[in-house]
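For reference, the structure is listed below as structure tokens.
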Amino acid sequence: MKLQVKAFIFMITLTGIFFIVFFTLTLVEKQKTEEILLERRNEKLQSFNRSLQSSSKALEIFSQDYSVWGDMVEFVKLKDKKWAKINIDESLVTFAANGAWVMDEQLNQIYSVNNLNLKSLESFPLSKSEVKVITDKNWISNFFIIINNDLFEIHYAPIQPSEDSERKTKPKGFFFVTRQWNDQILHELNQQSASIVELKKHTLNNDAESQHHNFRTIIIKPLNGFDGKPVMDIISVSDFRIMKKSSESYREQMIVLIVFSIIILLCTYVFLSRYIVRQLNIILGALEEQNPASLRTLAKKKDEFGKLSQLIMNFFSQKLQLMVEIQQRKDAETVIEKNEETYKLIFENIQDVYYKIDSEGTIILVSPSLERATGYKPEEILGKKVYEFCKNPELWCKAMRMLEKIERLDNFEFELITKSNGIILCSVDIHKLYDSSHKAVGFEGFIKDISKPKIENSQV
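Encoded structure:
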């Protein structure tokens with residue numbers, strides 16, 4: 002199927018879909034509005050939860066950061082009130098707290114402070130047995146409590162050394178911090194959640210987390226005490242009356258949008274047929290025929306199709322060049338393979354022994370002719386030191402010292418131990434090897450067996 006036909010079918014399909022959507026949206030307008038409201042309600046719920054968490058974050062950080070501290074552990078032992086006044090009392094303002102208590106390992110209160118001048122906060126509001134119950138259950142937690150008809154939030158954490166960041170050691174005590182829920186906190190929650198926030202006593206009718214009445218959402222969050230039972234409810238009321246007006250104008254907007262979309266689709270179809278499809282067919286024909294000649298006129302244009310045509314013409318040109326280069330490379334590889342075979346043949350049949358060693362005298366390469374001269378196969382001596390096969394290792398070491406001052410050494414004679422523990426007299430040619438930075442990295446040369454010539458000369 003041609004692209005132009007596909008484009009026409011696509012436009013007709015889209016137009017039909019738009020009409021179906023229009024009539025469907027008209028029928029389900031009320032349901033759609035409810036879905037939007039539900040989404041907004043969920044957003045309000047999440048926003049309110051984040052506001053509550055953010056409101057308590059400073060108190061949580063205060064209790065946890067100051068409890069895992071070596072100085073706090075020392076304070077539990079020494080009970081230095083001067084230290085507590087500097088480090089605990091003055092930190093209340095920093096963390097927006099109103100009071101703090103420190104208890105030792107036996108849960109005895111050893112220090113307390115509050116900036117509300119309330120005697121009711123001088124002693125911890127729970128009994129020792131109640132403190133033991135909550136600390137045995139959770140080392141780190143928080144709860145709410147009513148003191149003198151005022152609501153207080155309390156966070157606590159175990160006192161442990163600074164290095165115990167994972168909180169695994171036995172607590173040396175517990176650090177409790179509190180703040181009073183006053184009008185300022187409620188005002189901050191109003192601003193953060195963009196709703197009306199208030200505190201009310203918990204009732205059985207408030208068990209639902211959220212309630213919806215027309216365009217109003219009421220979010221109810223219980224504030225649990227130390228025993229897990231709610232002591233009060235915090236309630237957020239949000240009004241969405243603006244959604245009603247939005248719902249009424251929604252249908253009119255959709256009609257305008259669909260009409261406008263149909264016009265855009267028709268214009269798009271005409272444009273695609275006239276300016277896109279025709280030029281794509283020219284490019285497609287050139288690619289199918291592998292002939293860029295038909296693109297010359299199109300390549301003169303300065304639009305995207307002109308650039309695309311130029312790229313395709315360049316591609317064919319580069320393809321031709323690449324085929325030539327590939328053939329040249331194949332020819333070069335054939336020559337290299339022949340040269341490698343020739344080198345391998347020479348290397349394997351050379352009469353004298355070719356060798357290469359590193360700067361430490363370790364053998365890293367040796368020709369197969371070694372086996373004829375000494376009985377050793379090359380792989381048997383690779384990685385070993387040359388002097389291990391010398392009858393007089395000191396003589397070889399002397400040659401190495403000489404090469405520290407000169408570039409090469411010719412006709413150097415020494416005796417070599419064969420695999421059968423025989424001795425052959427050898428003449429060595431050796432010179433230095435350098436890397437690309439002209440740094441000496443080893444030596445190479447030839448070893449020649451001169452035992453027979455020596456014997457023949459002596460007989461003469």
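Residue numbers (the numbering used here): 2 to 461. The beta carbon of each residue, even a glycine, is placed where N, CA and C say it ideally should be.
Span of the beta strand (DSSP E) around residue i
i	result
residue 140	No beta strand (DSSP E) holds residue 140; DSSP gives it neither H nor E.
residue 102	100–105
residue 441	441–450
residue 234	231–240
residue 411	409–418
residue 427	424–435
residue 367	364–367
residue 382	Not the beta strand (DSSP E): residue 382 falls in the alpha helix (DSSP H), residues 379–382.
residue 113	110–115
One or two residues paired with residue i in a DSSP bridge
i	result
residue 154	145, 180
residue 159	175
residue 268	None, per the DSSP bridge assignment.
Which of helix, strand or coil DSSP assigns to residue i
i	result
residue 46	helix
residue 29	coil
residue 505	Since the first residue of the chain shown is 2 and the last is 461, residue 505 is not available in this structure.
residue 251	helix
residue 175	strand
residue 357	strand
residue 315	helix
residue 199	strand
residue 193	helix
residue 225	strand
residue 402	helix
residue 168	coil
residue 461	Per-residue confidence for residue 461 stands at a pLDDT of 44, beneath the threshold of 50, marking its modelled position as unreliable; the derived number appears in the next sentence. Note: residue 461 maps to coil in three-state DSSP.
residue 204	coil
residue 351	coil
residue 386	strand
Nonlocal neighbours in the same chain, by C-beta distance under 6 Å from residue i, ignoring five residues either side
i	result
residue 198	187, 190, 191, 237
residue 461	Low per-residue confidence applies at residue 461: pLDDT is 44, beneath 50, and the placement is therefore not dependable enough to give any value.
residue 357	365, 366, 445
residue 141	158
residue 156	60, 61, 64, 143, 178
residue 105	77, 111, 174
Proximal residues to residue i (C-beta, below 7 Å), its chain only, five neighbours per side dropped
i	result
residue 262	19
residue 352	370
residue 56	186, 189, 190
residue 397	387, 388, 391, 415
residue 280	299, 306
residue 48	194
residue 1	Limits of the chain in this structure are 2 at one end and 461 at the other, which puts residue 1 out of reach.
Residue i versus residue j - alpha carbon distance
i	j	result
residue 428	residue 435	23 Å
residue 266	residue 28	25 Å
residue 294	residue 318	12 Å
residue 216	residue 159	46 Å
residue 260	residue 39	29 Å
residue 406	residue 330	44 Å
residue 247	residue 282	48 Å
residue 449	residue 341	25 Å
residue 452	residue 327	53 Å
residue 6	residue 315	31 Å
residue 165	residue 45	39 Å
residue 1	residue 201	This structure cannot speak to residue 1, because the chain is shown only from 2 to 461.
residue 378	residue 291	59 Å
residue 33	residue 167	49 Å
Own chain, CB closer than 8 Å to residue i, minus 5 neighbours either side, in chain order
i	result
residue 284	296, 299, 306, 309, 310, 313
residue 441	360, 433, 434, 435
residue 99	93, 115, 116, 117, 122, 153, 179, 180, 181
residue 129	108, 109
residue 252	26, 27, 30
residue 385	363, 364
residue 400	410, 413, 415, 429, 431
residue 89	67, 101, 103, 112, 114
Extent of the continuous alpha helix (DSSP H) to which residue i belongs
i	result
residue 296	Element bounds for residue 296: n/a, residue is neither H nor E.
residue 70	Element bounds for residue 70: n/a, residue is neither H nor E.
residue 92	92–95
residue 83	82–85
residue 273	Element bounds for residue 273: n/a, residue is neither H nor E.
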